[in-house]
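Chains as they are written, first to last, in my numbering: chain V, 10 to 184; chain X, 15 to 161; chain F, 459 to 858.
Beta carbons are placed, not taken as given, at the ideal position from N, Cα and C, and that holds for glycine.
Note that the structure is predicted; figures quoted are calculated from it, not measured.
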Amino acid sequence: MFENTLFFLSATLTIVGAAGVVFSKNLMHACVLLLGSLFGIAGLYATIGADFLAASQLVIYAGGVVILMLFAVMLTGGSADSSNKFGIEKIPGMGSTKTYVIAGFSVLVISFTILKLMANFMKSYKAGELPAFSSTVEEIGTLLVTDHVLAFEISSILLLGALVGAAVIARPRKG
Amino acid sequence: MTAYTLDVYMPVIILMSLAVGLVLVSVFFAQILRPFKPSSLKEQAYECGEDPVGTAWSNFNVRFYVVSLIFIVFDVEGALMFPVAAIFRKFVAIGEGAVLVGSLLVFISVLVFGIIYCWSKGDLDWVRSFQLSDEQVNQLKGIEEKA
Amino acid sequence: MSPSLNEYLNQFEGHQKVIATVTEVLGFDATGLMTFIVFFTGAFVVVNVMALVGGLGTYAERKISADIQLRQGPNRVGPYGLLQFLADGVKMIMKEDIFPAQADKTLFNLAPLLALIGVFATLAVVPFSSGLTLANLNVGVFYLIGVSSLVGVAVFLGGYSANSKWSMLGGMRGASQIISYEVPVTISILTIVLISGGMSFGSFVGGQGGFPHEWYIFHNPFTFIGFFVFFVGMLAETNRAPFDLPEAESELVSGYHTEYTGMRFGLFALAEYIEVFVLCGVAAAAFLGGYRVPFNLGDGVVFVEKLGLPPIIGKNIGQVLQLGAFLTKTLFLYYVVIWVRWTFPRIRVDQVMTICWKYLTPLALFNLVGVTIWVFAFDGHSIWDVLGHMLSSGSGGGHH
Numbered sequence: 010m011f012e013n014t015l016f017f018l019s020a021t022l023t024i025v026g027a028a029g030v031v032f033s034k035n036l037m038h039a040c041v042l043l044l045g046s047l048f049g050i051a052g053l054y055a056t057i058g059a060d061f062l063a064a065s066q067l068v069i070y071a072g073g074v075v076i077l078m079l080f081a082v083m084l085t086g087g088s089a090d091s092s093n094k095f096g097i098e099k100i101p102g103m104g105s106t107k108t109y110v111i112a113g114f115s116v117l118v119i120s121f122t123i124l125k126l127m128a129n130f131m132k133s134y135k136a137g138e139l140p141a142f143s144s145t146v147e148e149i150g151t152l153l154v155t156d157h158v159l160a161f162e163i164s165s166i167l168l169l170g171a172l173v174g175a176a177v178i179a180r181p182r183k184g
Numbered sequence: 015m016t017a018y019t020l021d022v023y024m025p026v027i028i029l030m031s032l033a034v035g036l037v038l039v040s041v042f043f044a045q046i047l048r049p050f051k052p053s054s055l056k057e058q059a060y061e062c063g064e065d066p067v068g069t070a071w072s073n074f075n076v077r078f079y080v081v082s083l084i085f086i087v088f089d090v091e092g093a094l095m096f097p098v099a100a101i102f103r104k105f106v107a108i109g110e111g112a113v114l115v116g117s118l119l120v121f122i123s124v125l126v127f128g129i130i131y132c133w134s135k136g137d138l139d140w141v142r143s144f145q146l147s148d149e150q151v152n153q154l155k156g157i158e159e160k161a
Numbered sequence: 459m460s461p462s463l464n465e466y467l468n469q470f471e472g473h474q475k476v477i478a479t480v481t482e483v484l485g486f487d488a489t490g491l492m493t494f495i496v497f498f499t500g501a502f503v504v505v506n507v508m509a510l511v512g513g514l515g516t517y518a519e520r521k522i523s524a525d526i527q528l529r530q531g532p533n534r535v536g537p538y539g540l541l542q543f544l545a546d547g548v549k550m551i552m553k554e555d556i557f558p559a560q561a562d563k564t565l566f567n568l569a570p571l572l573a574l575i576g577v578f579a580t581l582a583v584v585p586f587s588s589g590l591t592l593a594n595l596n597v598g599v600f601y602l603i604g605v606s607s608l609v610g611v612a613v614f615l616g617g618y619s620a621n622s623k624w625s626m627l628g629g630m631r632g633a634s635q636i637i638s639y640e641v642p643v644t645i646s647i648l649t650i651v652l653i654s655g656g657m658s659f660g661s662f663v664g665g666q667g668g669f670p671h672e673w674y675i676f677h678n679p680f681t682f683i684g685f686f687v688f689f690v691g692m693l694a695e696t697n698r699a700p701f702d703l704p705e706a707e708s709e710l711v712s713g714y715h716t717e718y719t720g721m722r723f724g725l726f727a728l729a730e731y732i733e734v735f736v737l738c739g740v741a742a743a744a745f746l747g748g749y750r751v752p753f754n755l756g757d758g759v760v761f762v763e764k765l766g767l768p769p770i771i772g773k774n775i776g777q778v779l780q781l782g783a784f785l786t787k788t789l790f791l792y793y794v795v796i797w798v799r800w801t802f803p804r805i806r807v808d809q810v811m812t813i814c815w816k817y818l819t820p821l822a823l824f825n826l827v828g829v830t831i832w833v834f835a836f837d838g839h840s841i842w843d844v845l846g847h848m849l850s851s852g853s854g855g856g857h858h
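Take a look at the structure:
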C-alpha cells in the first residue's frame, strides 16, 4: 500500500520535473524543476530499498549540483528573459514540426531497441522471492574496501583532478 | 535484524506534506484576513528610498561558482567515505583494521594535497590579490603622474 | 532498543488490541492504516511542538538579548511577555502581502515552501527519545545532511526571485556560505560515524552513555575539537551570528528576505528557528549523549524492579526521562547559540570563507585522521578506558 504510494509520488515527481525541465524556457525554473526531478529519483531509490543511494542522491545532486547550476546560471546574469543583453537567444527554439517528427521517430526506435534488450531482465518478483531488505550501507562499504578498493582510491584522484581543474579554470588571467 | 520495510519513509512523506499544508493554510488565512491595496510604490524593489535602476539579475562573480565546485568535490568525497566509516569498527574488531586505515588515509591525503594546492595558489582567498605585469604597473604610474 | 515510534508502540498489548479491534470493525487488515495514523499523529504533534519551539525561540532570543544588554525585553503580552510570539504571529497574518512588481512570482512563492519542506523533513530522524523517533533511518545523518541542503537552495531562490539588489547579494552569500560550511560539518559527523559504526542516530546514541565521560565529545581529544568545529559550522549553516551575513541588517537591509512581507517572511523565520533547534539536537545526539539518562534510568527497568510498577508505566517514565535529557541538552545548546549571537560582532564576508576553508576544513580533516588512527589503535575505546587500563595495569600488576 504505502510502497505504491511512495513509488507513484516519486515517479510522478521525477517525470513531471523532467518534462518541466525540457519545456521550461526560464533557466532558473528549469533548475528548480530539475531539483524536483532529482528528489523524485531519490524517492525511487528509496522504493527499491537502496537507502544509501537515495541519501547520496539528495546530498550530491539536490544539495551540490543544483546549487552549482544555480550559480552557473548567475554567471550569465540569470534573468528571466530568454535572450541576453546582446539580443542572442539563450535557449534557441527547438519546436519546429521537423524536429518533433524526427524526435518522435527516434524515441520510438530507441525505446523498442531498449525494450527488446531489457525483456530478459524485466521479470516481476513475488513477495518473499527476494531477500529481505537490510541496510545497504554496510554492503557498499565492504565492497568499497575489498573488491573495489582500486576504484575507491582512484576516485580520490579523479576528485583531485576536478578540484585542480576547477581552480585553474576560475583563476584570473594575467596580462 | 528485522525485515526492512518501506514504512520507515512514511514519516518523511507525512512531514513534507505537513510542510506544504502549513504553507497553504497560513497563506490562505492570510489571504482572507489581510488588506490588499497594491500600488506601484509598494511594489518597487526596496533600495533605501532611491528609485531602483535596472534589474538585480546581473552577472555575478565567478568565485561563487568556484566555491560550489570545491564543495561538490568534498561532497562526493564524504559520500564515498561514509559507508567505509560505517563498517570501520567491524573491520577493526576482526583484526582487519589496518587495511581500512591504509585506504582511508590514502584517500584523505590525496584530497589534502588538493586543498594544499588550492591554498598555495591562492584559490581559497575570497579577495584575491594578483600580480600586475610591469606594463600595467607603468600604466598606473603614468595615470598617477598625470593626476 | 526500539527503532521507531511505531515499533515502540507495537510492543504494548493495548496497541495490539486496538489494531485487532479496528481490523475486526473495518473488515480488512488495519496494520498499515494504524501505522499511518500513528505516524501522522506523531508527525503532527512533533510539527506543532516544533512550531511552538520556533515561536518561543523568537521570544527567548529577545528576552536573552535584553538580559545581555541590561534591558527588559518583551514584557507586555501575557505573563513576562510570554505570549509575544502569538502576537507577532497574528501581526504577520494580518500584514499586507506585497509582491515586488519585477519579481519572479513562481519562485517567490516557492522559496519559503522549499525552506519549510527541507526543515520539516529533517525532523523525521531527530531522536527525541528511544521511542519517540519518527524514523530511525539506516542512513539517518546522511539523509539529514541531504534534505537540509534544500534550505540552501531556498535561501538562494528567495534572494534571486525578488529581483532586488539587496536580496540578490544576500541570497548569493547565503547559498555559498551554507554549502561551504557543510564541508567541515560533514567531516565532523564522519568522525562520529567512525566511532559509533553506523549512520543512524540510534547507533550514535546507542554507543554513548548517560554520564559525560561516556559521551562522544569526551571520547578522545579529536572529537573534543570536532564538537567545536561542528558547532561553529552549525552556526554558519543556520545563518546565525556571527555568520549572519546573508541577512546582515547593517549592510544588506535584511538580506535574502528583504522583499518578503507578512506570512511568507514568517515562514522563513520559522524555518530558521526550527533548523537551529534540529541542528542543536543533532549536536546533542552525536556528541553529548542524546537521550541517554545516567544509571540506565531511561529503559525503565529500575522502576519496575525497585518500585514494583507495571512494566508499561516503567517504560513510559523512562521515555519521559529520556525526552527530558534530550531536551535539556538541546535547549542548553540553543541558549548558547543565542548567547553567541549577542556576544560576538559579525565577521566580514572574506573572513567567512577564510574561516571555513583555511581553518575549519583542515582542522576537521586532521580530526578525521586522528580519530581513524585512535579507533584503530585503541580498538574503539575511549580515552578514559585507555587511561583506566594503563593505571590498573601499571599499579595492579596485571589483574587481567
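Q) Which first and last residues belong to the alpha helix (DSSP H) in which L785(F) is found? A) 769-799
Q. Are the C-beta atoms of S19(V) and some chain X residue less than 7 Å apart?
A. no
Q: Return the first residue and the last residue of the alpha helix (DSSP H) that D525(F) is part of.
A: 489-526
Q. When DSSP labels each residue in this structure, what does F142(V) get in the three-state scheme?
A. For F142(V), the predicted model reports a pLDDT of 47, less than 50, meaning its position is unreliable; a value from the coordinates is still stated below. Note: F142(V) maps to coil in three-state DSSP.
Q) Using the C-alpha atoms, what's the distance from G604(F) back to S72(X)? A) 29 Å
**Q.** the stretch 581-592 of chain F touching the stretch 681-700 of chain F, judged by at least three CB pairs closer than 8 Å
**A.** no
Q) Does D60(V) come within less than 7 Å of chain F when only Cβ atoms are used? A) yes
Q.
Rounded to the nearest angstrom, what separates A545(F) and G35(X) at their Cα positions?
A. 22 Å
Q. Would you say S46(V) touches the ligand MN, meaning its beta carbon is less than 6 Å from a heavy atom?
A. Among the ligands in the structure shown, none appear at all, so the ligand MN cannot be discussed.
(Q) What does the alpha-carbon distance come out to for the pair C132(X) and T812(F)? (A) 13 Å
Q. What's the call for C40(V), buried or exposed, on a 16-neighbour Cβ count within 10 Å?
A. buried
Q: Show which residues of chain X have a CB atom less than 8 Å away from the CB atom of F161(V).
A: L94, V98, S117, F121
Q: Give the C-beta separation of A633(F) and F688(F) to the nearest angstrom, bearing in mind that I take them to be a contact with Cβ-Cβ under 8 Å.
A: In fact, because the Cβ distance is near 21 Å, the residues do not count as touching under 8 Å.
**Q.** Contiguous alpha helix (DSSP H) assignments of at least 4 residues, all confined to the stretch 651-687 of chain F
**A.** 659-664
Q: Classify T716(F) as helix, strand or coil using the three-state DSSP reduction.
A: Three-state result, T716(F): coil.
Q: Spatial neighbours of P66(X) within its chain, please: CB distance less than 7 Å, with the 5 preceding and 5 following residues excluded, ordered by chain position.
A: Q58, A59
Q.
Contact defined as beta carbons within less than 8 Å: I believe L77(V) pairs with L83(X). What is the distance between those atoms, to the nearest angstrom?
A. That belief holds up - the Cβ atoms of L77(V) and L83(X) are roughly 7 Å apart, short of 8 Å.
Q) In whole angstroms, what is the alpha-carbon distance linking A744(F) and V663(F)? A) 7 Å
Q: Assign R722(F) to one of two classes, buried (16 or more other C-beta atoms within 10 Å of its C-beta) or exposed (fewer than that).
A: buried
Q: Would you kindly check if the distance between the Cβ of R534(F) and the Cβ of P700(F) is under 7 Å?
A: no
Q: List the residues of chain F whose Cβ lies closer than 7 Å to the Cβ of G111(X), in chain order.
A: Residues of chain F passing the Cβ test: F834.
Q: Along the alpha helix (DSSP H) that carries N754(F), what are the first and last residues, could you check?
A: Per DSSP, N754(F) belongs to no alpha helix (DSSP H) and is neither H nor E.
Q) Of all the CB atoms in chain V, is at least one closer than 7 Å to the CB of Q469(F)? A) no
Q: Specify the secondary structure class of E148(V) as computed by DSSP and reduced to three states.
A: helix
Q. What's the gap between the Cα of I653(F) and the Cα of S840(F)?
A. 9 Å
(Q) Going by C-alpha to C-alpha distance, which of N75(X), I130(X), M24(X), Q153(X) sits closest to F502(F)? (A) M24(X)
Q | Simplified DSSP assignment, three categories, for N35(V) | A | coil
Q: Would you list, in chain order, the members of the stretch 58-77 of chain X that have their beta-carbon closer than 9 Å to a beta-carbon of chain V?
A: Those residues of the stretch 58-77 of chain X that come within reach of chain V (Cβ to Cβ, closer than 9 Å) are T69, W71, S72, N73, F74, N75, V76, R77.
Q.
Under 7 Å, Cβ to Cβ, is there at least one residue of chain V near L47(X)?
A. no
Q.
Taking its Cβ as the centre, do 16 or more other Cβ atoms sit within 10 Å of M848(F), making it buried, or is it exposed?
A. exposed
Q: Could you please tell me which residues of the stretch 615-636 of chain F, in chain order, have their CB closer than 9 Å to any CB of chain V?
A: L615, Y618, S619, N621, M626, M630, A633, S634, I636
Q: Label A612(F) either buried or exposed according to how many other C-beta atoms from any shown protein chain fall within 10 Å of its C-beta, with 16 as the threshold for buried.
A: Counting every other CB atom within 10 Å of its CB across the protein chains shown gives A612(F) a total of 16 or more, marking it as buried.
Q.
To be precise: take each residue of the stretch 59-78 of chain V, compare its Cβ to all Cβ atoms of chain F, and keep it if any distance is under 8 Å. Which residues remain?
A. D60, F61, A63, A64, S65, Q66, L67, V68, A71, G72, G73, V75, I76
Q) Taking 7 Å as the CB-CB limit, is M7(V) close to chain X? A) Residue 7(V) cannot be examined here, being either before or after the span of chain V that is shown, 10 to 184.
(Q) Let me check understanding here. Comparing Cα to Cα, which of F11(V), A27(V), M37(V), V173(V) lies closest to L491(F)? (A) The shortest C-alpha separation from L491(F) is found at F11(V).
Q) In its own chain, which residues sit with a C-beta less than 8 Å from the C-beta of G668(F), not counting the 5 before and 5 after it? A) By the criterion of a C-beta distance shorter than 8 Å, G668(F) is surrounded in its chain by G747, R750, V751, P752, F753, N754, L755, G756, A783, once the five residues flanking it on both sides are discounted.
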